[in-house]
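Mapping of the sequence shown onto my numbering: position 156 corresponds to residue 167, and the numbering continues sequentially without gaps. Glycine is no exception: its CB is placed at the ideal position from the N, C-alpha and C atoms. Everything numeric in this text was worked out from a predicted model, so none of it was measured.
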Amino acid sequence: MTKPLSPFIARTLAAGSLGSIFSALALMARGRRDAGSAAAPVNAVSHWFWDREALHQQGVDVRHTLLGYLTHHGASLFWAGLFSWALNKRPAAQRPSVVVAASAATSAVACFVDFNLTPERLTPGYEHRLSKRSLAVVYIAFGAGLAAGALAVGRGDR
């Protein structure tokens, strides 16, 4: 018999994965609009490894697109872990309004940290390919994904 995942881990994985997917879809949609390429903002995330080359890559390729998405997904799981920790074993976390507020706060903090506290080489990179309006769409989508993932798995730790 397999032991089920702890509620904290289940929430982190679900919220982080949906946050990653929702925001990656926003990156691609806004990248097509702002940069003429759906892959460009995802590729730009790999600039931590490929340096400036990644910021100019337009097409889909394994080097930039795969590494960019995997990096984006890992960062989403990191923020989802903090989000889940904030909700963990708190009775109010059963309320959807609390989950949505916590996801919005987590997304706002992630945005602030990404662009104000993070060294240039470790920023998301897609800020070089997207407008400020598009960046807002991406972080809103991330917050929506966090909330959707957390609400999908429920609280589970009652």
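Open item on the list: Does Gly165 come out as helix, strand or coil in the three-state DSSP assignment?
Closed with: The count along the sequence shown starts at 1 and reaches residue 165 at position 154. Residue state, collapsed to three classes: coil.
- [ ] Would you identify the three-state DSSP class for Ser170, choosing helix, strand or coil?
- [x] Residue 170 lies beyond the residue range present for the chain, which begins at 12 and ends at 169; the question has no answer from this structure.
Task: Beta-carbon proximity of Gly165 to Ala26, cut-off 7 Å - done: Locating residue 165 in the sequence shown gives position 154, counting from the first residue. Locating residue 26 in the sequence shown gives position 15, counting from the first residue. Cβ distance not < 7 Å, so Gly165 and Ala26 don't count as in contact.
Task: Anticipated Cβ contact below 8 Å, Ser118 with Phe153, distance rounded - done: Residue 118 sits at position 107 when you count from the first residue of the sequence shown. Residue 153 sits at position 142 when you count from the first residue of the sequence shown. The Cβ separation is near 5 Å, so the contact holds.
Open item on the list: Going by beta-carbon coordinates alone, are Ala55 and His139 separated by less than 7 Å?
Closed with: Numbered from its first residue, the sequence shown carries residue 55 at position 44. Numbered from its first residue, the sequence shown carries residue 139 at position 128. Cβ atoms of Ala55 and His139: closer than 7 Å.
TODO: In angstroms with no decimal places, state the Cα-to-Cα distance between Phe19 and Pro107.
DONE: Working through the sequence shown from its first residue, we reach residue 19 at position 8. Working through the sequence shown from its first residue, we reach residue 107 at position 96. Cα to Cα, Phe19 sits roughly 17 Å from Pro107.
- [ ] Could you tell me whether the Cβ of Pro102 comes closer than 7 Å to any Cβ of chain C?
- [x] Reference to chain C is not applicable here, since this structure consists of a single protein chain.
Task: Alpha carbon of Leu81 to alpha carbon of Ala97, nearest angstrom - done: As a working note, residue 81 is residue 70 in the sequence shown. As a working note, residue 97 is residue 86 in the sequence shown. Approximately 24 Å, taken between the alpha carbons.
TODO: Going by CA-CA distance only, name the one from Arg144, Lys14, Pro135, Leu141 that's closest to Ser87.
DONE: Here residue 87 corresponds to residue number 76 of the sequence shown, with the count starting at 1. Ser87 has its Cα closest to that of Pro135, out of Arg144, Lys14, Pro135, Leu141.
Open item on the list: Which of the three DSSP states is assigned to Ala50 in this structure?
Closed with: In the sequence shown, counting from the first residue as 1, residue 50 sits at position 39. Three-state DSSP puts Ala50 in coil, outside helix and strand.
TODO: Determine the DSSP secondary structure at Thr129, reduced to helix, strand or coil.
DONE: In the sequence shown, residue 129 corresponds to position 118, counting from 1. Coil, per DSSP.
Open item on the list: Using C-beta distances below 6 Å, list every residue in its chain close to Arg41, excluding the 5 sequence neighbours before and after it, in chain order.
Closed with: The residue you call residue 41 lines up with position 30 of the sequence shown. The answer, listed in chain order, is Leu141, Ser145, Val148.
Task: Span of the alpha helix (DSSP H), counted from its first residue to its last, around His58 - done: Indexing the sequence shown from 1 puts residue 58 at position 47. Note, His58: alpha helix (DSSP H), 58-61.
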